[in-house]
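Take a look at the structure set out below.
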């Protein structure tokens, strides 16, 4: 049995509370088991230098943890004077994932800033951040539509993320809590869209390995979890997002 | 009339929610009007180098704002690579204020870390941080008592903080919200203990000035607000803190 | 008796030597007892980005100590790679204080840079810096008048600063030297203008407290000291500064 | 046809030149098409603080590009004052990959430093770095064996890495050169060991997506390429590495 | 006898391999004994801010060592977060030396970037860098001529550099290898042009001293070595560089 | 005629004021024409890590300019967050020069810190710093003798420095002021000891060149200037320094 009594293909309890902070254009608190992340989306009317004059938008993400989001206190990255490699990886992942379901041309010369701040951590903070950030982004675009800044919602598909892993005792499992994550040899984060297409697969043996059969089981568990997460998103966003064929942004 | 209809000597609505985050030894969410700050207290079993071997403890505070705690998005200090002067001033203020009511000898060779993270800002974030941090600290010490790490609560008095200012129209007012703060010429932060003693007075004309009579009114408004805040603290902490004569830590 | 035999309401010997360094528009060496600070004022024909196009000026201050201004050698902030929190607090204080007596509109789109470099320290370096910086600023504006860069001196009032404190033996005292400062529980810096108005009150118990009666005595001592400092400024500046009603710069 | 006339499942020409630099314990120049990486392995007789006293070793990797390894000159990371997110991701990937095939207990309290310096880039620098680093590491361990620092080679399996992608015209292809990489929607880096087990799968749509069928083809292309790379490694290392069952290092 | 059997006035074996890296406008690998430096020259179509609008060009140099260019591994400057004083000195020296033989007006508003990356070090890396950089620069200008970016080669004279020193046993010697350099009291780097004129003399006792007679011998050894180095440059560059009277760039 | 009417072999007026700052073990203000440098020497009872346990001392120097030491205001290096290449070169030069005349064994496991702070600059700040630092160092050692920290003065010889240059109109000249320095093609800093031995020769064409004859004249001018500077040092230090044969510290 898993520490919290879940079946191996069972997600933790997930809540997404919209309009959590009053100032951002889009804001949610996503809760996945004991993991809690504030996801804020801000729209800025300009793009980074490398995109100027190209009539397309950009999405960039930042991720941080409060020092006591974890059992032991972490040094604040602002005190450290630099962002760790782990944080950079996560920020790049969130940004790439969101850009894959957005029509950047339709966004116009605007930057969408996503801030994911983990206030309580119990495993899966990067995948919870992606799922929460997707909803915050959709809410921000909804507000931009209402303010007539944009003519049409620039989102092409739903998007969600979860983690899977191979536990030495339980075998392949879905949505690892921290205790599971730290005893699991193989750990994989999967991001998918509403068409069952992969956006990102990041599987690492973390000093162990996995074979082709285990890979197949992990991918199948992830697909089930992502289907359920997208249903939760739909319950909040209603008919805001209309699925379209996802081309490329290049 | 003030923007939110308050009388000039009226605090905003204040809530202090204990045990907000599960991991820290002490944790509260303090809400003052629309200002919300997570205050976490952590106990570490060692002291900074300059205190080693002196058999006394230390208290240090860190303060940060989420980028969208404010109407416009702020650059994250970890991305900026350094902490701003404003943040440093606030951190030093919170630390000094807490140390003034703690018997550091009784704490033993331990460091109490206070993390104040503003998730939503509407003026008065530094004074809300001090008031919230005091409660988080008391809860952390309570846990240390229960775990028998310390023999007696090392707190010598209650502590709270508020802001006062001279508004060009309303004159002297208590507990400024952001809109008031930005139109007020003179701005003062007051920290007091449960014996009506001053811990800190920081009054600045911010390019204006104030005379002796205005100063007297401001100090009187602050005392009233701090009395009310200490009542709210007492409602949470019960008879945990016993007021004692406050000596000096030097 | 105080270590240097002064009465409790007596300033140390103060000299302000104008035109100390040849290059700056305004330059003084201020000596307060054994504390010596070089204050240089530079006028730059542009303003920081946040003020561009507003037809008003700005004043910004930097403060530093030579490594051996103190009995023990301090690490140079340029070697450390960053400015300490203490330095930032002092720089912000000096800038705010000077701006409170200057008509920034009359200055035009110019920045006045103040550099306060402590070459020898014996307590009170931040208040000596403010008093010296005021004179350096006035000399720089005088030169700008002579060069017809500005039409009228943009200074609205005199300005000076001093420290007061509660000594465990001597009680409330004026103008603390280092030895007194380090044995004093309560320490307060006061900045006032030529109309007996407060610009800044920074009183901190530094882990101790002070009551209302002590506060009243401290404020009265500070007023006496500032009157004397302004007389010394007037002896140098003659009839250059004409006192006007001090409005606000906002 | 691909720009250099290769079949879709064909690697570029690969050479690994051992003993390229005289000072390191292990050193190779790996050439993959026009991509050239110097991989140096250094053995240090101590471990990072988090591992002290645990009688096991550690492997850490650093990666850099000469400024003109690429068609346009890049800013040197030492001038920039910090390492980019991309570099950090690659360094962490190389370290994890190597640790997955090494018995860290058998290494003893030693750190193996891997330095991968790209002197000429034409796509696939991170996978070439992993393959080259594996050989440099094996040569360093061989020297440590000869010097009797270690009793037995601590390598449990061969290791190699390659890239695969979905090209809009050619479909799934193996070992992308820069021109292909920049026109390819989907890009995946695969690291495998000598038992056909996955060490790492990093597949990203880079703002596009891929489906289950494409994933299967990509994994199969990668396996073919990695088989060929391991043959090249064996030609250099001879019977130095003996394949063993790969457990976990946790 | 010197460690490698050379006479006291004998250079080590020197090779300069042109077109070493494919991307830069000019690229060489210079080998001096066991010292190997990749020198790349890049032409950028703009100048630093301080030169804009002056219709003249600029030359700037960067220098780095691979961590294992040396017997012990050095910390990478990008990890350290800053460039050491030694590196800065060398970079400034290389830039000054090259600028002394180039007509910056003829270069037009362009920056020539020189990157010297030491892949293997055995003494004399800074002088090898200058000699190699000169050839890389000439090759880059040749390409700019061919592309008709410039009308005439902006080089006014040949340029080469070497080191000399006073060895406690062998006395004055030419072109020190690392072993000699570390046992030599006095160490001097000399840069000269093709007219036997000095560009730079950097002689330091490194905690020892030298007298006038030793200085004369050292200068004479250096001249002999530089003559030989310029012959090697001429063998590569043919009649590309035509010696002219060297004026000043000021 | 030179701008200040000097002959080509004439030093500017030089004063060295001992005991300028009260706290350091040794302190002077050196004035060379309009150049003024505060040189402070501090003795610390420990050595840098690389020297621990070797029973010998170390000398390290730091150099800085006040922002308005120059006609235009320079950015403070502490605000910039790093020390410039120019500053690093000068610091290394001062340290090397002083170490060349000190018996580091006799100093014991102590570090002598030299701080040279230029308060007013008019050319020649690095050579004035060396000359002033020598006297400050001697005074600090004198105090250490008096306190019986050391048994014998560890100085082996006098030391002084000056600059020489080739002016386009006046030809070779001694001790350049700023105006001369900025119009001079060739610029050379010479450090010598009391035995007419060279400690350091730093001659740079700064984009120009100089020939053997010019070099000979420059060296002769420098020797004359250094003789005069050492006379000034002797007038202050009396018979404190006894010239000995200068060996090497290696």
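Residue numbers (full-length UniProt numbering), protein chains in the order written: chain H, 1 to 250; chain W, 1 to 250; chain L, 1 to 250; chain G, 1 to 250; chain R, 1 to 250; chain A, 1 to 250.
Cβ coordinates follow ideal geometry from the N, Cα and C atoms, glycine included.
Check: Which first and last residues belong to the beta strand (DSSP E) in which residue 62 (chain A) is found?; Outcome: 58-65
Check: Is residue 251 (chain A) close to chain R, meaning its C-beta is less than 8 Å from at least one C-beta of that chain?; Outcome: Coverage of chain A is limited to positions 1 through 250, which leaves residue 251 (chain A) absent and any answer about it impossible.
Check: I'd like the list of long-range same chain contacts for residue 83 (chain H), defined as Cβ closer than 7 Å, with 5 residues on each side in sequence excluded.; Outcome: 77
Check: For the alpha helix (DSSP H) containing residue 160 (chain H), list its first residue and its last residue.; Outcome: Run containing residue 160 (chain H): none in the alpha helix (DSSP H); it sits in the beta strand (DSSP E), 159-167.
Check: Specify the secondary structure class of residue 14 (chain H) as computed by DSSP and reduced to three states.; Outcome: strand
Check: Can you give the beta carbon distance from residue 133 (chain W) to residue 94 (chain W), rounded, assuming they're within the 8 Å contact cut?; Outcome: 6 Å
Check: How about residue 47 (chain R): is its C-beta nearer than 8 Å to some C-beta of chain G?; Outcome: no
Check: Does chain A have any CB closer than 8 Å to the CB of residue 28 (chain L)?; Outcome: no
Check: In chain L, what lies closer than 7 Å to residue 215 (chain W) by C-beta?; Outcome: 198
Check: According to the neighbour-count rule (16 or more other Cβ atoms, all chains shown, within 10 Å of its Cβ), is residue 250 (chain G) buried or exposed?; Outcome: Reliability of the predicted coordinates at residue 250 (chain G) is poor, the pLDDT of 47 falling under 50, and the value obtained from them is presented with this limitation in mind. Exposed, by the Cβ-count rule.
Check: Please work out which residues of its chain come closer than 6 Å, Cβ to Cβ, to residue 154 (chain W), disregarding the five sequence neighbours upstream and downstream, and give them in chain order.; Outcome: 102, 103, 106, 107
Check: Name the one or two DSSP bridge partners that residue 204 (chain H) has.; Outcome: H:187, G:200
Check: Reducing DSSP to helix, strand and coil, say where residue 281 (chain W) ends up.; Outcome: The requested residue 281 (chain W) does not occur in the structure, where chain W is confined to residues 1 to 250.
Check: For residue 51 (chain R), which residues from the same chain have a beta carbon less than 7 Å from its beta carbon, with the 5 sequence-adjacent residues on both sides left out?; Outcome: 58
Check: Going by Cα to Cα distance, which pick from H:110, H:221, H:245, H:55 is closest to residue 8 (chain H)?; Outcome: H:221
Check: Would you say the segment 58-74 of chain A touches the segment 107-123 of chain A, given that touching needs at least three Cβ pairs under 8 Å?; Outcome: yes
Check: What does residue 210 (chain L) touch in chain W if you count any residue whose Cβ is under 8 Å from its own?; Outcome: 197, 198
Check: For the segment 71-89 of chain W, which residues have a beta carbon sitting closer than 7 Å to at least one beta carbon of chain L?; Outcome: 82, 85, 88, 89
Check: Quick check on the burial criterion: 16 or more other C-beta atoms within 10 angstroms. Buried or exposed for residue 23 (chain G)?; Outcome: buried
Check: Can you list, in chain order, the stretches of the alpha helix (DSSP H) that have 4 or more residues and sit fully within the UniProt domain "Exoribonuclease phosphorolytic" (10-140) of chain L?; Outcome: 77-80, 85-99, 104-107
Check: With 8 Å as the threshold, decide whether the Cβ of residue 256 (chain W) is near any Cβ in chain L.; Outcome: The requested residue 256 (chain W) is not part of the displayed model; chain W covers only 1 to 250.
Check: Can you find the residues in the same chain that come closer than 6 Å, C-beta to C-beta, to residue 10 (chain A), ignoring five residues on each side of it along the sequence?; Outcome: none
Check: When we look at the beta-carbon of residue 122 (chain W) and count the other beta-carbons within 10 Å, is it buried (16 or more) or exposed?; Outcome: buried
Check: Taking residue 117 (chain A) as the query, report the chain L residues whose CB atoms sit under 7 Å from its CB, ordered along the chain.; Outcome: 66
Check: Would you kindly work out how many angstroms separate the C-alpha atoms of residue 192 (chain W) and residue 142 (chain W), rounded to a whole number?; Outcome: 22 Å
Check: Answer yes or no: do residue 161 (chain H) and residue 28 (chain H) have a C-beta to C-beta separation smaller than 8 Å?; Outcome: no
Check: Looking at the structure shown, is residue 229 (chain L) part of a helix, part of a strand, or coil, going by DSSP?; Outcome: helix
Check: Which residue marks the beginning of the beta strand (DSSP E) containing residue 173 (chain L), and which one marks its end?; Outcome: 171-174
Check: For residue 1 (chain H), which residues does DSSP report across the bridge?; Outcome: For residue 1 (chain H), which the question treats as bridged, DSSP gives no partner whatsoever.
Check: Rounded to the nearest angstrom, what separates residue 6 (chain R) and residue 41 (chain R) at their Cα positions?; Outcome: 32 Å
Check: Starting from the C-beta of residue 198 (chain A), find all residues in its chain whose C-beta is less than 8 Å away, skip the five residues before and the five after it, and write them out in chain order.; Outcome: 190, 191, 192
Check: Using the Cα positions of residue 60 (chain H) and residue 80 (chain H), report the straight-line distance between them to the nearest angstrom.; Outcome: 22 Å
Check: Using a beta-carbon distance cut-off of less than 9 Å, what residues from the segment 102-114 of chain W approach chain H?; Outcome: 113
Check: Going by beta-carbon coordinates alone, are residue 124 (chain G) and residue 31 (chain G) separated by less than 8 Å?; Outcome: no
Check: Give me, in chain order, the residues of the same chain whose beta-carbon lies closer than 8 Å to that of residue 253 (chain G); leave out the 5 immediate sequence neighbours on both sides.; Outcome: There is simply no residue 253 (chain G) to check, as chain G begins at 1 and stops at 250 in what is shown.
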